[in-house]
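Visitor:
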Amino acid sequence: LADMSHMKSVNPFLIVSAILVLHSQLLFALVFTTRYLDLFTSFISLYNTSMKLIYIACSYATVYLIYMKFKATYDGNHDTFRVEFLIVPVGGLSFLVNHDFSPLEILWTFSIYLESVAILPQLFMISKTGEAETITTHYLFFLGLYRALYLVNWIWRYYFEGFFDLIAVVAGVVQTVLYCDFFYLYVTKVLKGKKLSLPA
Amino acid sequence: FRKGLKHDEL
Numbered sequence: 512l513a514d515m516s517h518m519k520s521v522n523p524f525l526i527v528s529a530i531l532v533l534h535s536q537l538l539f540a541l542v543f544t545t546r547y548l549d550l551f552t553s554f555i556s557l558y559n560t561s562m563k564l565i566y567i568a569c570s571y572a573t574v575y576l577i578y579m580k581f582k583a584t585y586d587g588n589h590d591t592f593r594v595e596f597l598i599v600p601v602g603g604l605s606f607l608v609n610h611d612f613s614p615l616e617i618l619w620t621f622s623i624y625l626e627s628v629a630i631l632p633q634l635f636m637i638s639k640t641g642e643a644e645t646i647t648t649h650y651l652f653f654l655g656l657y658r659a660l661y662l663v664n665w666i667w668r669y670y671f672e673g674f675f676d677l678i679a680v681v682a683g684v685v686q687t688v689l690y691c692d693f694f695y696l697y698v699t700k701v702l703k704g705k706k707l708s709l710p711a
Numbered sequence: 003f004r005k006g007l008k009h010d011e012l
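Below you can see the structure in the form of structure tokens.
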């Protein structure tokens, strides 16, 4: 369910109508690229490999569409969040706190940490403009829901498989918490047929 | 080029 929710939110064709922030989409492309380098080193399942390839392809297609096709409608004035303020601390943290000090593992850790905050430029734009297109809110809802569903999955795996990945869990909790405000607005406004707009 | 751990999740 989490993967399907994630899949729905990475669909590049959504951006035909959603107003997505280029900076967030560049961060997601970086997230998938650094996380799925293990495509070259380990095979888990056909499902796992295909999903990784789809996520990578979708993230680059989205960046391409925003950058090339919708350059005219892309409003850089609202996309002012400084991504280096995310990438630099996250990069430093992944060197300091990781499971194993190896190149692939540090990149995986970087990816996990970066994903937890990659949506901030998008949320920042919404807080600045004070509103969001309904299609954009659906995109955000599924992107947030996906990690929340993983939290449930991790509780399950902890009890039934003894699996526990502290880095993924902490980052997943942070990621989900960042969406809480948005989830509240989505349920109280968008699901009741109103447009998402913030009080001035 | 050392491998990372085996991560079975997406």
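Going down the list, the protein sequences come from chains A and B. Under my numbering, the first residue of the first sequence is numbered 512, with each subsequent residue one higher. Under my numbering, the first residue of the second sequence is numbered 3, with each subsequent residue one higher. Quick reminder that beta carbons are idealized off the backbone N, C-alpha and C, glycines included. Because the structure is a prediction, the values reported are computed rather than measured.
(1) Of the residues 660(A), 703(A) and 632(A), which one's Cα is nearest the Cα of residue 588(A)?
(2) Determine, using beta carbons only, whether residue 562(A) comes closer than 7 Å to chain B.
(3) State the DSSP-derived secondary structure class of residue 3(B), mapped to helix, strand or coil.
(4) Compare the C-beta of residue 535(A) with all C-beta atoms of chain B and state if any pair is closer than 7 Å.
(5) Do the region 615-632 of chain A and the region 529-538 of chain A meet, that is, are 3 or more Cβ pairs less than 8 Å apart?
(6) Out of 654(A), 514(A) and 680(A), which one is the CA nearest neighbour of residue 697(A)?
(7) Quick check on residue 594(A): buried or exposed, where buried means 16 or more other Cβ atoms within 10 Å of its Cβ?
(8) In this structure, how does DSSP classify residue 644(A) when only helix, strand and coil are distinguished?
(9) Can you grab the Cα-Cα spacing for the pair residue 714(A) / residue 512(A), in whole Å?
(10) Compute the Euclidean distance between the alpha carbons of residue 616(A) and residue 545(A), then round it to the nearest angstrom.
(11) With distance defined between alpha-carbon atoms, name the residue in 560(A), 707(A) and 683(A) nearest to residue 649(A).
(12) Excluding the 5 residues preceding and the 5 following residue 577(A) in the sequence, name in chain order all residues of the same chain whose CB lies nearer than 7 Å to its CB.
(13) Taking the straight line between their C-alpha atoms, what separation do you get for residue 557(A) and residue 694(A)?
(14) Whole-angstrom Cβ separation of residue 646(A) and residue 10(B), contact assumed at under 8 Å?
(15) Are the Cβ atoms of residue 12(B) and residue 562(A) separated by less than 7 Å?
(16) Taking 7 Å as the cut-off, decide whether the C-beta atoms of residue 565(A) and residue 547(A) are in contact.
(17) Is the Cβ of residue 553(A) closer than 7 Å to any Cβ of chain B?
(18) Per DSSP, which residues does residue 708(A) bridge with? Please list them.
Guide: Concretely, from the data shown:
(1) 632(A)
(2) yes
(3) Reliability of the predicted coordinates at residue 3(B) is poor, the pLDDT of 45 falling under 50, and the value obtained from them is presented with this limitation in mind. Correct three-state label for residue 3(B): coil.
(4) no
(5) yes
(6) For the options 654(A), 514(A) and 680(A), the alpha carbon positioned closest to that of residue 697(A) is the one of 654(A).
(7) buried
(8) coil
(9) The first residue shown for chain A is 512 and the last is 711, placing residue 714(A) beyond what the model contains.
(10) Cα-Cα distance, rounded: 10 Å.
(11) 707(A)
(12) 526, 531, 533, 536 and 585
(13) 33 Å
(14) Between residue 10(B) and residue 646(A) the Cβ distance is about 33 Å, and since that is not below 8 Å, they are no contact.
(15) yes
(16) For residue 565(A) and residue 547(A), no; Cβs fall outside 7 Å.
(17) yes
(18) According to DSSP, residue 708(A) bridges with 642(A).
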